[in-house]
Amino acid sequence: MTTLTAASDSSPTREQIVRHLRHAAAVGERAASFGHHPFGAILVGPDHETVLIEQGNVDTVNHAEAVLARIAAMNFSAGYLWHCTLYTSVEPCCMCAGTAYWANIGRVVFGLTETRLLEATGRHEENPTMSVSSRYVFDHCQKAVDLIGPVEEVEEDVMRVQRAFWQARGH
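Residue numbers (UniProt numbering): 1 to 171.
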């Protein structure tokens, strides 16, 4: 069996990573302005510049990353998606990591860990985080998804948005 490795022949620069994570976080803030939880994701093409899809959180079973991955799988070939990058404000939960994997997205970049998210949600009943890291999920896959995160330059900005949202929800 052939093992697929890194998502692309090249990697995004630090500037691209930070810029795209800030974009994903802005998508999450927009989702919150519509009454959804403040999670956002974008899919960037192999050139590390072209934003192909952006998606905010919909509800507790339609997370931003999972919805984005499903849309991507319906619209792009698996071979193409392997060279794309999914940027997300918060580390994908195990459901979203698995969906990105099955969609054949080859790289995932996140700003804030699931562990830090729990600090912000305070075990809020609307967002019962799971202590299963995306690293754990990807380490148990047959294809080596490139995982980058957390990214220090955006962590506190994402955390601030999460804290404000969940405090307003009364945790």
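The beta-carbon is built from N, C-alpha and C at its ideal position, and this holds for glycine as well.
Where residue 144 is concerned, there is no enclosing alpha helix (DSSP H), because DSSP gives it neither an H nor an E.
DSSP places residue 105 outside both helix and strand once states are collapsed to three, so it counts as coil.
Non-local C-beta neighbours of residue 26 in its own chain, meaning closer than 8 Å and more than five positions away in sequence, comprise 40, ordered along the chain. Per DSSP, residue 90 is one residue of the beta strand (DSSP E) stretching across 85-90.
The C-beta distance from residue 71 to residue 86 rounds to 11 Å, too long to meet the 8 Å contact threshold. The beta carbons of residue 96 and residue 66 sit about 5 Å from each other, so the pair counts as a contact at 8 Å.
For residue 65, the uninterrupted alpha helix (DSSP H) run begins and ends at 64-75, by DSSP.
Boundaries of the beta strand (DSSP E) around residue 54: 51-56.
Your pair residue 77 and residue 28 does not check out as a contact, with CB atoms roughly 28 Å apart and the cut at 8 Å. Counting only residues of its own chain and dropping the five nearest sequence neighbours on each side, residue 165 has a CB closer than 6 Å to the CB of 32 and 38. Rounded to whole angstroms, residue 143 and residue 83 show a C-alpha spacing of 13 Å.
Contact annotation: residue 108 and residue 149 have beta-carbon atoms nearer than 9 Å. Residue 116 counts as buried, since at least 16 other C-beta atoms from the protein chains shown sit within 10 angstroms of its C-beta.
Residue 17 holds the alpha-carbon nearest to the alpha-carbon of residue 45 among 135, 133, 92 and 17.
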